[in-house]
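Asker: Chains as they are written, first to last, in our numbering: chain A, 1 to 207; chain B, 1001 to 1328.
1. Using a Cβ-Cβ cut-off of less than 9 angstroms, give me the residues of the segment 1261 to 1279 of chain B that come near chain A, in sequence order.
2. Which bits of chain A does residue 1206/B rub up against, with CB to CB less than 7 angstroms?
3. Anything in the segment 26 to 55 of chain A with a Cβ closer than 8 angstroms to a Cβ of chain B? List those residues in chain order, please.
4. For chain A, is any of its Cβ atoms less than 8 angstroms away from the one on residue 1328/B?
5. Can a CB atom of chain B be found closer than 8 angstroms to the CB of residue 149/A?
6. Check whether the Cβ atoms of residue 1191/B and residue 1197/B lie closer than 8 angstroms to each other.
7. What separation, rounded to the nearest whole angstrom, lies between the Cα atoms of residue 96/A and residue 40/A?
8. Does the beta carbon of residue 49/A fall short of 7 angstroms from some heavy atom of the ligand FMN?
9. Does the Cβ-Cβ distance between residue 1179/B and residue 1226/B come in under 8 angstroms?
10. Straight-line CA distance for residue 1068/B to residue 1158/B?
11. Assuming residue 1305/B and residue 102/A form a contact by the criterion Cβ under 8 angstroms, report the distance between their Cβ atoms to the nearest whole angstrom.
12. Measure from the C-beta of residue 1244/B to each C-beta in chain E and report whether the shortest distance is under 8 angstroms.
13. Mapping the DSSP letters down to three states, classify residue 1219/B as helix, strand or coil.
14. At a CB-CB cut-off below 7 angstroms, which residues of chain A make contact with residue 1033/B?
15. Under the three-state reduction of DSSP, which class applies to residue 207/A: helix, strand or coil?
16. Who are the neighbours of residue 1084/B on chain A, taking C-beta pairs under 9 angstroms?
17. If we ignore side chains and look at the alpha-carbon of each, how far apart do residue 174/A and residue 43/A end up?
18. Does any residue of chain B bring its CB to less than 8 angstroms from the CB of residue 193/A?
19. At a Cβ threshold of 8 angstroms, is residue 1231/B touching chain A?
20. Helix, strand or coil for residue 1103/B? Go by DSSP, reduced to three states.
21. Would you tell me roughly how many angstroms separate the C-alpha atoms of residue 156/A and residue 1088/B, rounded to the nearest one?
22. On the DSSP letters alone, give me the boundaries of the alpha helix (DSSP H) that residue 1311/B sits inside.
23. Counting along the chain, where does the beta strand (DSSP E) carrying residue 33/A start and finish?
24. Hey, which unbroken runs of the alpha helix (DSSP H) at 4 residues or more fall wholly within the segment 84 to 153 of chain A?
25. Rounded to whole angstroms, what is the Cα-Cα separation between residue 113/A and residue 1286/B?
26. Starting from residue 1020/B, follow the beta strand (DSSP E) in both directions and report where the run begins and ends.
27. Residues of chain B with CB under 7 angstroms from residue 144/A, in chain order?
28. Could you pull out every unbroken alpha helix (DSSP H) segment of at least 4 residues lying fully inside the segment 1169 to 1202 of chain B, listed in chain order?
29. If we define contact as Cβ-Cβ less than 8 angstroms, is residue 68/A a contact residue for chain B?
30. Suppose you measure from the CA of residue 1122/B to the CA of residue 65/A; what does that come to, to the nearest Å?
31. Give every residue of the same chain whose Cβ lies closer than 8 angstroms to the Cβ of residue 1165/B, excluding the five residues on either side of it in the sequence, and list them in chain order.
32. If distances are taken between C-alpha atoms only, which option among 1033/B, 1079/B, 1042/B comes closest to residue 1221/B?
33. Note down, one range per segment and in chain order, each beta strand (DSSP E) of at least 3 residues found wholly within the segment 1022 to 1051 of chain B.
34. May I ask you to report which of helix, strand or coil DSSP gives residue 1166/B?
35. For the candidate residues 98/A, 150/A, 14/A, whose alpha-carbon lies nearest to that of residue 1236/B?
36. Would you kindly work out how many angstroms separate the C-alpha atoms of residue 1321/B and residue 171/A, rounded to a whole number?
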């Protein structure tokens, strides 16, 4: 197909729409507006980095199965990596979130960027929670017994049974990480599409 | 530096046309990944992670037989936590927490995970050893054939005996109308101590098992698990859900959810779970919809943290937009 001619195939249309929405220099720009100069901006990419370590360490545990880390010192260490990367993931995400709140980063048609970020945070909490339930230790037993009451009281517990280890493990290793991954991907694409929110009007202008 | 490069009131809805700076996203991501990986590996090596062994029913029955027997007989007489719980486990008229007034999502959803406590925790498991123990088999038959009133009288008499405690490791059974219950309870205690009850509570008619609902509900009905949790600072009144065993960080991000359980009226409310879930649902929705909530969306303008974040920009913009100084 020659350049500038609209494709008649579904594939071509998807490609054309993708390129129109995300031309290469918008998807992977090598320059940013001059105001993108603060340590606060680093916490978004740190969250992404911690999420990557969470996924990789979880994948290593998955290789040998859920009981491995209880009987192997290497497995226990990988579990520790999984725990600490999760703690860092939430720390970075919360700082990122507060930073974006105080920048009022939803301005200029960026509400959906905020919403995908906020939902990512909430779904991440559910993901971590199912991880605690899947540990197969005393903590899992106790947390399950406690959490069931809140979930049952809200009607969710009848379908999302925190005492059903198999169900919680599958939510933890597949459904919820997939949801977080897709939300984060959508969030990043929205940031690239709309650009980084500019500063609030300077005081001189407001007066 | 010109005013066009540093607009004082950039329009967030329009593409930025001011000055740009070199920014290597891929390099930043790679450095972040290396740094976070390194930090995580060090934290994991230095602080490790907790793994307190799970409690087994065998351990419970051996360590605290009185609590075990009290729990078991409460399952028989229908006074246990699960027996009186209501949805999603048991059919108990009126049971279930209300979110507002008499509105209960718990009752609306109904019993989706049905459990019959006497059969699930006592009579069903005992059917296994009864296959080779005729005395136990006869006791089960006698109990099943009795009228509800007879069963209740036996159960309550035995529960009182359990309350009186153990003497030299045996129940203080004064003469009374216990029926076959002492035989049933002795059989269950023996089965539990051997580990047989752990298996029986997760077994079904299928080979592979992944559901621990019955075993965990039975453990939660007793006091043994709760006493151990209290020592680990995991109770609800101890900010339990966000704590971990030992001195490890837990789910600190659940602080707001856990907070409500520490204050009145929730800490003494029979409907605390439903009410707190209702509150957290509303707060979560508000959090997601901040861009559309008047007042809340203006907070960043009132608390000028943004001036710190963009201080370099404002300084440069101030210079670029300053009126030219008259030349001398």
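Beta carbons are placed, not taken as given, at the ideal position from N, Cα and C, and that holds for glycine.
Answerer: Reading off the structure:
1. 1271, 1272, 1273, 1274, 1275, 1276, 1277, 1278
2. Simply none; closest approach about 12 angstroms.
3. 28, 29, 30, 31, 32, 33, 34, 35, 36, 37, 38, 40, 42, 45, 46, 48, 49, 50, 52, 53
4. Legend: pLDDT at residue 1328/B = 44, less than 50; position of this residue unreliable, no value from coordinates given.
5. yes
6. yes
7. 7 angstroms
8. This structure lacks the ligand FMN, and indeed carries no ligand of any kind.
9. no
10. 13 angstroms
11. 4 angstroms
12. Protein chains A and B are contained in the structure displayed, whereas chain E is not.
13. helix
14. 49, 52
15. Its pLDDT being 36, under 50, residue 207/A is placed unreliably in this model, and the value from its coordinates should be taken loosely. Coil at residue 207/A, not helix or strand.
16. Correct list: empty, because the minimum Cβ distance to chain A is about 13 angstroms.
17. 26 angstroms
18. no
19. no
20. strand
21. 10 angstroms
22. 1311 to 1321
23. 31 to 33
24. 111 to 133, 138 to 153
25. 15 angstroms
26. 1020 to 1022
27. 1216
28. 1181 to 1193, 1196 to 1200
29. no
30. 33 angstroms
31. 1066, 1172
32. 1079/B
33. none
34. strand
35. 150/A
36. 55 angstroms
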